[in-house]
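*Asks:* Quick mapping for you: the protein sequence lines, in order, are chains A and B.
If you count by numbering that gives the first Met the number 0, then the first sequence holds residues 0 to 308, one letter each, in order.
If you count by numbering that gives the first Met the number 0, then the second sequence holds residues 0 to 308, one letter each, in order.
Every residue gets a Cβ at the ideal spot worked out from N, C-alpha and C, and that includes glycine.
I'd like to ask you about the structure that follows.
Number of protein chains: 2
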Amino acid sequence: MKQTSRPHGVYSPVVTPFDRSLAPDHQRYVRHCKWLIDQQVGLAVFGTNSEANSMSVDEKKRLLDTLVDAGIPTARMMPGTGCAALTDTVELTRHAVSVGCHHVLMLPPFYYKGVSDEGLFRSYAEVIERVGSDALRIYVYHIPQVSQVPLSLGLIERLLKHYPRIIAGTKDSSGDWNNTKAMLERFQPQGFDVFAGSENFLLATLRGGGAGCITATGNVNPAAIVALYENWRGVDADARQKALDATRAVFARLPMIPALKAAIGIYAHDRDWGTVRPPLVALNDGQREELESGLAQLEFSMPGIEATV
Amino acid sequence: MKQTSRPHGVYSPVVTPFDRSLAPDHQRYVRHCKWLIDQQVGLAVFGTNSEANSMSVDEKKRLLDTLVDAGIPTARMMPGTGCAALTDTVELTRHAVSVGCHHVLMLPPFYYKGVSDEGLFRSYAEVIERVGSDALRIYVYHIPQVSQVPLSLGLIERLLKHYPRIIAGTKDSSGDWNNTKAMLERFQPQGFDVFAGSENFLLATLRGGGAGCITATGNVNPAAIVALYENWRGVDADARQKALDATRAVFARLPMIPALKAAIGIYAHDRDWGTVRPPLVALNDGQREELESGLAQLEFSMPGIEATV
Numbered sequence: 000m001k002q003t004s005r006p007h008g009v010y011s012p013v014v015t016p017f018d019r020s021l022a023p024d025h026q027r028y029v030r031h032c033k034w035l036i037d038q039q040v041g042l043a044v045f046g047t048n049s050e051a052n053s054m055s056v057d058e059k060k061r062l063l064d065t066l067v068d069a070g071i072p073t074a075r076m077m078p079g080t081g082c083a084a085l086t087d088t089v090e091l092t093r094h095a096v097s098v099g100c101h102h103v104l105m106l107p108p109f110y111y112k113g114v115s116d117e118g119l120f121r122s123y124a125e126v127i128e129r130v131g132s133d134a135l136r137i138y139v140y141h142i143p144q145v146s147q148v149p150l151s152l153g154l155i156e157r158l159l160k161h162y163p164r165i166i167a168g169t170k171d172s173s174g175d176w177n178n179t180k181a182m183l184e185r186f187q188p189q190g191f192d193v194f195a196g197s198e199n200f201l202l203a204t205l206r207g208g209g210a211g212c213i214t215a216t217g218n219v220n221p222a223a224i225v226a227l228y229e230n231w232r233g234v235d236a237d238a239r240q241k242a243l244d245a246t247r248a249v250f251a252r253l254p255m256i257p258a259l260k261a262a263i264g265i266y267a268h269d270r271d272w273g274t275v276r277p278p279l280v281a282l283n284d285g286q287r288e289e290l291e292s293g294l295a296q297l298e299f300s301m302p303g304i305e306a307t308v
Numbered sequence: 000m001k002q003t004s005r006p007h008g009v010y011s012p013v014v015t016p017f018d019r020s021l022a023p024d025h026q027r028y029v030r031h032c033k034w035l036i037d038q039q040v041g042l043a044v045f046g047t048n049s050e051a052n053s054m055s056v057d058e059k060k061r062l063l064d065t066l067v068d069a070g071i072p073t074a075r076m077m078p079g080t081g082c083a084a085l086t087d088t089v090e091l092t093r094h095a096v097s098v099g100c101h102h103v104l105m106l107p108p109f110y111y112k113g114v115s116d117e118g119l120f121r122s123y124a125e126v127i128e129r130v131g132s133d134a135l136r137i138y139v140y141h142i143p144q145v146s147q148v149p150l151s152l153g154l155i156e157r158l159l160k161h162y163p164r165i166i167a168g169t170k171d172s173s174g175d176w177n178n179t180k181a182m183l184e185r186f187q188p189q190g191f192d193v194f195a196g197s198e199n200f201l202l203a204t205l206r207g208g209g210a211g212c213i214t215a216t217g218n219v220n221p222a223a224i225v226a227l228y229e230n231w232r233g234v235d236a237d238a239r240q241k242a243l244d245a246t247r248a249v250f251a252r253l254p255m256i257p258a259l260k261a262a263i264g265i266y267a268h269d270r271d272w273g274t275v276r277p278p279l280v281a282l283n284d285g286q287r288e289e290l291e292s293g294l295a296q297l298e299f300s301m302p303g304i305e306a307t308v
């Protein structure tokens with residue numbers, strides 16, 4: 000593993016457990032986060048797969064406080080702090096920095112569409128100026144198929160020029176390898192750390208000099224993904240990548256977030272884990288069976304997950 | 000004008016003035032709202048054109064309190080209360096109802112894309128159950144080109160069946176007349192009030208039995224739009240519609256929200272009115288000139304607006 004305090008390796012957008020009243024379940028949350036940390040996976044809490052944008056800023060602040068109070072190292076966290084509203088993004092980012100989480104993953108404001116690079120530059124700049132911390136490190140979050148607000152290479156170049164230390168990297172969830180490749184070639188040499196948005200691109204990203212991946216399925220398949228990260232120069236790296244892709248495909252055939260939560264529920268024998276907030280809908284029985292049989296065929300397991308319940 | 004307490008006529012998503020620090024300017028806001036009320040325009044505060052999703056729930060609650068404290072009648076307001084997060088939507092809707100604003104315009108949760116009608120139904124149902132007020136009246140807000148989360152006719156039918164009094168109508172901002180027409184034919188007879196999303200469709204909507212329009216340009220051209228609403232059965236109705244379309248076209252050629260604010264600034268001799276929050280960008284000098292000359296050619300005016308500064 001690289002000797003550096005810069006985030007690297009495998010992170011997961013931690014799925015957020017909700018109780019039956021749809022409130023965040025802090026106890027289950029801490030246990031799942033500790034399990035991930037034990038598996039060498041960093042905590043990209045409040046990502047897309049965390050249903051972060053179905054929660055208020057206050058709910059997210061309280062969850063972050065709970066993790067810090069539970070002794071989970073802030074150096075292993077990369078909270079998502081980008082909201083639709085400028086003031087929400089500033090408040091959540093400030094809070095993250097105040098509790099020692101200096102690395103944040105930041106969506107652009109995502110309600111207004113067709114906005115200009117100038118407007119997006121000002122959005123990030125305004126947040127940086129308002130938070131006003133030299134310790135802040137922002138990973139810009141490119142997920143155009145969901146946010147519908149892409150981050151262009153030109154925007155990143157301009158942000159890097161103005162805030163060379165604070166703009167620290169990206170998660171590229173576009174699924175467009177040409178875009179990831181361009182980021183690796185143009186910006187990684189400047190110390191801008193490129194994380195692939197899923198483990199499908201982990202090996203290619205590492206071969207291109209990137210930092211790792213931030214991936215939904217890190218929630219359920221952490222050990223194997225970390226094993227590829229740690230052995231990516233090995234002769235079996237391509238075989239490992241192929242195996243990871245096969246596991247991910249079982250989840251990707253279903254609605255991803257409900258499928259991740261259902262899998263945790265299945266392997267932890269805790270069906271309530273499948274609860275999601277609207278507008279998402281939990282897997283139905285047929286989908287659960289499809290998930291179970293698909294994973295069983297791969298002899299999938301989640302060692303230790305049952306102890307987290 | 001119809002003798003009914005149900006909202007009808009012309010509403011405007013009130014543009015939100017920001018000061019130079021980008022904070023909402025409550026004084027300018029109250030004066031602009033009073034001017035609109037004097038022009039017989041209802042206040043759809045916190046709409047898309049209000050930059051509502053660039054503000055936090057707290058900022059919107061405080062603005063609403065300011066309007067109520069200023070004595071503006073809540074019966075003339077229809078605040079937008081739909082946020083990305085379930086808990087934010089509940090909080091803002093509850094607050095609106097608590098201060099006497101029973102009619103709200105509600106976006107679906109808009110971060111997650113490709114969500115099912117089942118998930119959207121549960122989203123609205125959960126808000127309705129949590130707010131728990133028989134006085135609540137929801138106008139569902141269909142603006143797929145921005146939200147990227149369309150509201151299908153099937154969803155509306157299901158909502159109307161389950162919550163026949165609370166689901167009160169819609170703003171259809173799709174710009175797709177076939178969709179508006181289908182809503183008018185299927186749901187307006189059940190007392191579901193259809194508002195066109197712009198005055199381009201005002202006459203057609205009224206002829207189809209609809210309730211009026213909720214339109215961005217109500218902020219700047221209220222009197223003429225209201226005049227069509229009040230005289231839509233007149234022989235000059237089509238000519239009035241044509242004139243409204245010509246005025247709107249001047250704004251629609253430019254980024255709409257910055258153009259609305261710039262126009263108020265121009266006619267009120269208050270250039271700071273042009274301020275927007277990122278990710279939006281104020282008009283540049285060339286765009287301002289285009290706006291000024293386009294409006295001058297139409298002999299456009301905003302009577303009384305200069306007294307609001």
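Using a C-beta to C-beta distance shorter than 7 Å, which residues of chain A count as neighbours of Asp87 of chain B?
*Replies:* Position 88 of the second sequence, counting from 1, holds the residue named residue 87 of chain B. Those within 7 Å of Asp87 of chain B in chain A are Ser55.
*Asks:* So, is His141 of chain A buried or exposed, given that buried needs 16 or more other C-beta atoms within 10 angstroms?
*Replies:* Translated into positions along the first sequence, residue 141 of chain A becomes position 142. It counts as buried.
*Asks:* If you follow the beta strand (DSSP E) that Ser197 of chain B is part of, which residue opens it and which one closes it?
*Replies:* For this step, residue 197 of chain B is matched to residue 198 along the second sequence. No beta strand (DSSP E) holds Ser197 of chain B; DSSP gives it neither H nor E.
*Asks:* I'd like to know if the segment 16-24 of chain B and the segment 102-114 of chain B are in contact, where contact means that at least 3 CB-CB pairs between them fall below 8 Å.
*Replies:* They do not touch, by the three-pair rule.
*Asks:* Helix or strand or just coil, what does DSSP make of Ala216 of chain B?
*Replies:* Residue numbering aside, residue 216 of chain B sits at position 217 when the second sequence is read from its first letter. Residue identity differs from the one stated: residue 216 of chain B is Thr in this sequence, not Ala. Looking at Thr216 of chain B - three-state DSSP - the assignment turns out to be helix.
*Asks:* My understanding is that Gln240 of chain A touches Leu183 of chain A, with C-beta atoms under 8 Å, so please give their C-beta distance in whole angstroms.
*Replies:* Position 241 of the first sequence, counting from 1, holds the residue named residue 240 of chain A. Position 184 of the first sequence, counting from 1, holds the residue named residue 183 of chain A. Between Leu183 of chain A and Gln240 of chain A the Cβ distance is about 17 Å, and since that is not below 8 Å, they are no contact.
*Asks:* In the segment 120-132 of chain B, which residues sit with their C-beta less than 7 Å from some C-beta in chain A, listed in chain order?
*Replies:* Flagged, chain order: Arg121, Ser122 and Glu125.
*Asks:* Select from B:Thr216, B:Asp235 and B:Arg232 the residue whose C-alpha is nearest the C-alpha of Ala261 of chain B.
*Replies:* Translated into positions along the second sequence, residue 261 of chain B becomes position 262. For the residues B:Thr216, B:Asp235 and B:Arg232, the minimum Cα distance to Ala261 of chain B belongs to B:Thr216.
*Asks:* Starting from the beta carbon of Pro108 of chain B, find every residue of chain C whose beta carbon is closer than 9 Å, and list them in chain order.
*Replies:* Note that chain C does not occur in the displayed structure, where the protein chains are A and B.
*Asks:* Distance cutoff 7 Å, beta carbons only. Does Ala95 of chain B sit that close to anything in chain A?
*Replies:* Along the second sequence, read from residue 1 onward, the residue named residue 95 of chain B stands at position 96. No, because no Cβ of chain A sits closer than 7 Å to the Cβ of Ala95 of chain B.
*Asks:* For Arg270 of chain B, which residues from the same chain have a beta carbon less than 7 Å from its beta carbon, with the 5 sequence-adjacent residues on both sides left out?
*Replies:* Indexing the second sequence from 1 puts residue 270 of chain B at position 271. Hits under 7 Å: Gly264.
*Asks:* Have a look at Ser146 of chain B and Gln147 of chain A and give me their C-alpha separation to the nearest angstrom.
*Replies:* If you number the second sequence from 1, residue 146 of chain B lands on position 147. If you number the first sequence from 1, residue 147 of chain A lands on position 148. In a straight line, the C-alpha of Ser146 of chain B is about 9 Å away from that of Gln147 of chain A.
*Asks:* Which of the three DSSP states, helix, strand or coil, is assigned to Thr310 of chain B?
*Replies:* Beyond the ends of chain B as shown, which are 0 and 308, falls residue 310 of chain B; an answer cannot be given.
*Asks:* When you compare only the Cα positions, how much space is there between Asn52 of chain A and Asn230 of chain B?
*Replies:* Indexing the first sequence from 1 puts residue 52 of chain A at position 53. Indexing the second sequence from 1 puts residue 230 of chain B at position 231. Whole-angstrom Cα-Cα distance: 45 Å.
*Asks:* Quick one, are the C-beta atoms of Ile155 of chain B and Val9 of chain B less than 7 Å apart?
*Replies:* As a position in the second sequence, residue 155 of chain B is number 156, starting the count at 1. As a position in the second sequence, residue 9 of chain B is number 10, starting the count at 1. No, these two residues do not count as a Cβ contact at 7 Å.
*Asks:* Hey, could you find the ends of the alpha helix (DSSP H) Lys112 of chain B is sitting in?
*Replies:* Along the second sequence, one-based indexing puts residue 112 of chain B at 113. Premise fails: Lys112 of chain B is in no alpha helix (DSSP H) and is neither H nor E.
*Asks:* If the criterion is Cβ atoms closer than 7 Å, does the pair Ala267 of chain A and Glu291 of chain A meet it?
*Replies:* Looking up residue 267 of chain A in the first sequence gives position 268. Looking up residue 291 of chain A in the first sequence gives position 292. No, Cβ-Cβ distance for Ala267 of chain A and Glu291 of chain A is not below 7 Å.
*Asks:* Any beta-carbon of chain A closer than 7 Å to the one on Ala83 of chain B?
*Replies:* As a first step, residue 83 of chain B is located in the second sequence; it is residue number 84 there, counting from the start. With 7 Å as the cut-off, Ala83 of chain B counts as an interface residue toward chain A.
*Asks:* Please state whether the Cβ-Cβ distance between Thr246 of chain A and Asn220 of chain A is less than 7 Å.
*Replies:* One-based indexing of the first sequence puts residue 246 of chain A at position 247. One-based indexing of the first sequence puts residue 220 of chain A at position 221. For Thr246 of chain A and Asn220 of chain A, yes; Cβs fall inside 7 Å.
*Asks:* If you follow the beta strand (DSSP E) that Gly8 of chain B is part of, which residue opens it and which one closes it?
*Replies:* The sequence position of residue 8 of chain B within the second sequence is 9, counting from 1. Taken as a continuous stretch (DSSP letters only), the beta strand (DSSP E) holding Gly8 of chain B covers Gly8 to Ser11.
*Asks:* DSSP three-state call for Gly153 of chain A: helix, strand or coil?
*Replies:* On the first sequence, residue 153 of chain A is found 154 positions in, with the first residue counted as 1. Note: Gly153 of chain A maps to helix in three-state DSSP.
*Asks:* Is DSSP giving Val40 of chain B helix, strand or coil here?
*Replies:* Mapped onto the second sequence, residue 40 of chain B falls at position 41. Val40 of chain B: coil per DSSP, three-state reduction.
*Asks:* Got a sec: is the Cβ-Cβ distance from Gln147 of chain A to anything in chain B below 7 Å?
*Replies:* Start at 1 with the first residue of the first sequence, and residue 147 of chain A comes out as number 148. Yes, Gln147 of chain A lies at the interface with chain B (some Cβ there is under 7 Å from its Cβ).
*Asks:* Do three or more CB pairs link the segment 124-136 of chain A to the segment 89-96 of chain B at distances below 8 Å?
*Replies:* Too few Cβ pairs lie closer than 8 Å, so no.
*Asks:* Measure how close the beta-carbons of Gly168 of chain B and Val130 of chain B come, nearest whole angstrom, since I'm counting them as under 8 Å.
*Replies:* Looking up residue 168 of chain B in the second sequence gives position 169. Looking up residue 130 of chain B in the second sequence gives position 131. Going by Cβ atoms, the distance from Gly168 of chain B to Val130 of chain B rounds to 17 Å, so no, they are not a contact pair.
*Asks:* Please name the residue, chosen from A:Ala210, A:Pro257, A:Gly79 and A:Cys82, that lies closest to Gln187 of chain A on a Cα-to-Cα basis.
*Replies:* Locating residue 187 of chain A in the first sequence gives position 188, counting from the first residue. Checking every option, the nearest Cα to that of Gln187 of chain A belongs to A:Ala210.
*Asks:* Among the residues of its own chain, which have a CB less than 8 Å from the CB of Phe191 of chain A, if the five just before and after it don't count?
*Replies:* Start at 1 with the first residue of the first sequence, and residue 191 of chain A comes out as number 192. Here the set comprises Ile155, Leu159, Ile166, Ala167, Gly168, Thr169 and Met182.
*Asks:* If you reduce the DSSP assignment to three classes, tell me which class Thr73 of chain A lands in.
*Replies:* For the purposes of this step, residue 73 of chain A is taken as residue 74 along the first sequence, with counting starting at 1. DSSP places Thr73 of chain A in helix when its eight states are reduced to three.
*Asks:* Here's the rule: buried if 16 or more other CB atoms are within 10 angstroms of the residue's CB, otherwise exposed. What is Asn177 of chain A?
*Replies:* Counted from its first residue, the first sequence places residue 177 of chain A at position 178. So Asn177 of chain A counts as exposed.
*Asks:* Less than 7 Å separating the beta-carbons of Val96 of chain A and Ser132 of chain A?
*Replies:* The residue given as residue 96 of chain A occupies position 97 in the first sequence. The residue given as residue 132 of chain A occupies position 133 in the first sequence. A contact, by the Cβ cut-off of 7 Å.
*Asks:* Are there three or more Cβ pairs, one per stretch, closer than 8 Å when the segment 96-105 of chain A is compared with the segment 57-69 of chain B?
*Replies:* The segment 96-105 of chain A is not in contact with the segment 57-69 of chain B.
*Asks:* Let me know the secondary structure DSSP gives Asp68 of chain A once reduced to three states.
*Replies:* By 1-based counting over the first sequence, the position of residue 68 of chain A is 69. The answer is helix: DSSP assigns Asp68 of chain A an H, G or I state.
*Asks:* Please look up how many angstroms separate the CB atoms of Leu227 of chain A and Leu243 of chain A, rounded, as I've assumed it's under 8 Å.
*Replies:* Here residue 227 of chain A refers to the residue found at position 228 when the first sequence is read from its first residue. Here residue 243 of chain A refers to the residue found at position 244 when the first sequence is read from its first residue. At roughly 6 Å, the Cβ-Cβ gap stays under 8 Å, so Leu227 of chain A and Leu243 of chain A are in contact.
*Asks:* Using a C-beta to C-beta distance shorter than 7 Å, which residues of chain A count as neighbours of Ser310 of chain B?
*Replies:* Missing from the structure shown is residue 310 of chain B; chain B here goes from 0 to 308 and no further.
*Asks:* Using a cut-off of 9 Å between C-beta atoms, extract the partners of Tyr266 of chain B located in chain A.
*Replies:* Along the second sequence, one-based indexing puts residue 266 of chain B at 267. Chain A residues near Tyr266 of chain B: none, gap ~25 Å exceeds 9 Å.
*Asks:* Going by alpha carbons, who is nearest to Ala134 of chain B out of B:Trp272, B:Asp87, B:Leu152 and B:His102?
*Replies:* Taking the first residue of the second sequence as 1, we reach residue 134 of chain B at position 135. The shortest C-alpha separation from Ala134 of chain B is found at B:His102.
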